[in-house]
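Numbering (the UniProt record's numbering), first residue to last: 1 to 288. Reading through the C-alpha cells given below for one structure.
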Amino acid sequence: MILVTGATGNLGQSAVKQLQQHLPLNEFSVLARSQNKAQQYLNQGMKVIYGDFDQPQTLEEAFRGIKKLLLISTMEQNRFEQHKNVIDAAKKAGVKHIFYTSLAIQNIETSAVKDLMISHFQTEDYLKASGLKYTILRNSMYAEAIPQIIGEQAIATGLALAGGAGKVPYALRAEFGEAAANALMQDGHENKIYSLVGSRTYSYQDIADLLSEISKQKVNYQNLDDASYRDMLHSIGLPDFIVYLTHGTVADMQQHQYEVHRTDLEKLLGRKTQALTDYLTTVYTTNS
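This is the structure we're talking about:
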C-alpha cells in the first residue's frame with residue numbers, strides 16, 4: 001500500500017493523478033487533515049486517512065499497513081519538526097520506505113534562504129539516520145513560480161529583478177508529481193538521492209526573450225541591484241516573509257545556486273521536460 005501526504009496540494013494532486021492512471025484504488029491512499037479538503041478523493045472512491053503532522057498521535061495509526069510513504073514537504077515554519085513527527089510515526093508503524101520531496105540547490109550553507117530551506121536537509125539527514133529505506137527527490141524550482149516572481153503582466157511591464165545572469169532548470173509541478181509517483185511504483189530506488197531538474201536552464205533574460213517571441217513585442221529585463229530590488233518588493237506592500245523569500249530566492253538565482261545539471265527527472269519521466277515556452281505561452285496568452 002502506498003500513502004501520499006500533501007495530497008490536497010498541487011504537487012500531491014499531480015502525484016495522485018499519476019497513481020490513479022496506473023494502479024487500482026485499493027493499492028494507494030491519501031492522507032488529509034480534513035475530510036472536506038479531500039472530498040474530491042472520497043467522491044472518486046479513494047481511501048482517505050486522517051492525519052495531522054502537528055499531532056503525532058494521529059500519525060502512527062494512519063501509517064499502519066503502509067509500505068511506501070510519499071512525504072511531500074510542507075512550507076510551515078516548523079517544517080523539520082513536522083517531518084520528524086512523520087518519520088518517527090512511520091518507523092513505529094512499520095512503514096518500509098519513505099520518499100521525501102526536498103530541494104535541488106548547489107550549496108544550502110551559502111543560500112540566501114538558508115534559514116527556511118535548511119529544514120529540507122535536516123529532514124534528509126534525519127531520514128537517512130532512521131534506518132528506514134529512503135528516496136530523496138530534490139526538486140528544482142517550479143515553472144509555476146515564474147509568474148509569481150515576475151508578475152502576470154510582465155509582457156506589459158517588463159522584468160525588473162536582481163537575478164543577474166543566473167539560470168534555473170525549471171520544470172512543471174505536474175512533471176515533479178508524475179516523477180514522484182513513478183518512483184513510488186518502481187523498484188530500485190532504495191537509499192537513493194535524485195536531483196530532479198528540467199532539461200534546460202533559463203535566465204531572466206531568456207524568459208524576457210521568450211515573452212518577446214510570444215507577444216511579438218520587445219520585453220525588457222532590467223537587472224536591478226540587490227538593495228533596489230528589496231526596496232521594490234517592500235514598496236508594493238508584500239509581507240515581510242514574502243519579501244524575504246522572494247528576494248532570497250532571486251539572490252540564489254543570481255549566485256547560480258539552482259544551476260544543477262542532472263538527467264534524473266528525464267529518466268523518471270521517460271522523456272525530456274516540457275519546453276518553458278509552452279508554459280509561458282499558456283500563462284501569458286491567458287493573461288494578456
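We put the beta carbon where it would ideally sit given N, CA and C, even for glycine.
| query | Taking the continuous beta strand (DSSP E) assigned at Arg138, which residues delimit it? | reply | Element bounds for Arg138: 133 to 139.
Taking DSSP as the reference, what is the three-state secondary structure of Ser29? Correct three-state label for Ser29: strand.
Q: Mark Glu190 as exposed unless 16 or more other C-beta atoms lie within 10 angstroms of its C-beta, in which case mark it buried.
A: Exposed: under 16 other Cβ atoms inside 10 Å.
Worksheet item: With distances taken from CA atoms, which of Lys91, Leu245, Tyr229, Asp206 is nearest Val219?
Response: Closest by alpha carbon: Asp206.
If we ignore side chains and look at the alpha-carbon of each, how far apart do Ala162 and Gln148 end up?
In this structure, the alpha-carbon of Ala162 lies about 15 Å from that of Gln148.
For Glu144, collect the residues of the same chain with a Cβ closer than 6 Å to its Cβ; drop the 5 residues on either side in sequence, then sort them by chain order. Closer than 6 Å at the Cβ level, and outside the excluded window around Glu144, lie Arg173.
Which runs of the alpha helix (DSSP H) fall wholly inside the stretch 55 to 110 and span at least 4 residues, in chain order?
Segments of the alpha helix (DSSP H) lying fully in the stretch 55 to 110: 59 to 63, 79 to 93.
Enclosing alpha helix (DSSP H) for Ala154 [first to last residue]:
Counting along the chain, the alpha helix (DSSP H) containing Ala154 begins and ends at 154 to 157.
key: Three-state class that DSSP yields for Gln122 in the structure shown   = Under the three-state reduction of DSSP, Gln122 is assigned to helix.
Tell me whether Glu175 is buried or exposed, calling it buried when 16 or more other Cβ atoms sit within 10 Å of its Cβ. With 16 or more Cβ atoms within 10 Å of its Cβ, Glu175 is classed as buried.
key: Asp240 classed as buried or exposed, judged by whether at least 16 other C-beta atoms fall within 10 angstroms   = By the neighbour-count rule (16 or more Cβ atoms within 10 Å), Asp240 is not buried but exposed.
query = Is the beta carbon of His256 sitting closer than 8 Å to the one on Gln106?
reply = Yes. Within cutoff.
*Verify whether the separation of the beta carbon atoms of Ile193 and Arg138 is less than 8 Å.*
Less than 8 Å separates the beta-carbon of Ile193 from that of Arg138.
| field | Residue span of the alpha helix (DSSP H) that contains Tyr229, given as start and end | value | 226 to 235 is the extent of the alpha helix (DSSP H) around Tyr229.
- prompt: If you draw a straight line from the alpha carbon of Leu11 to that of Ala156, how long is it in whole angstroms?
  reply: Their Cα atoms are separated by approximately 30 Å.
Exercise for the section: Report all residues from its chain with a CB closer than 6 Å to the CB of Ala165; omit the five preceding and five following residues, and keep chain order. Expected result: Cβ neighbours of Ala165 within its own chain (closer than 6 Å, five residues either side excluded): Ser203.
Check: Expressed to the nearest angstrom, what Euclidean distance is found between the alpha-carbon atoms of Thr281 and Pro169?
Finding: About 18 Å.
Item to complete: Report all residues from its chain with a CB closer than 6 Å to the CB of Ser228; omit the five preceding and five following residues, and keep chain order.
Response: The answer is none, since no qualifying residue turns up.
Quiz item: Would DSSP call Leu196 helix, strand or coil?
Solution: The three-state reading of DSSP puts Leu196 in strand, counting E and B together.
I need the DSSP call for Lys272, collapsed to helix, strand or coil. Coil, per DSSP.
Q: Please report the residue range of the alpha helix (DSSP H) in which Thr243 lies.
A: Sequence inspection shows Val at residue 243; the Thr mentioned does not correspond to that position. Going by DSSP, Val243 is part of the alpha helix (DSSP H) stretching over 240 to 254.
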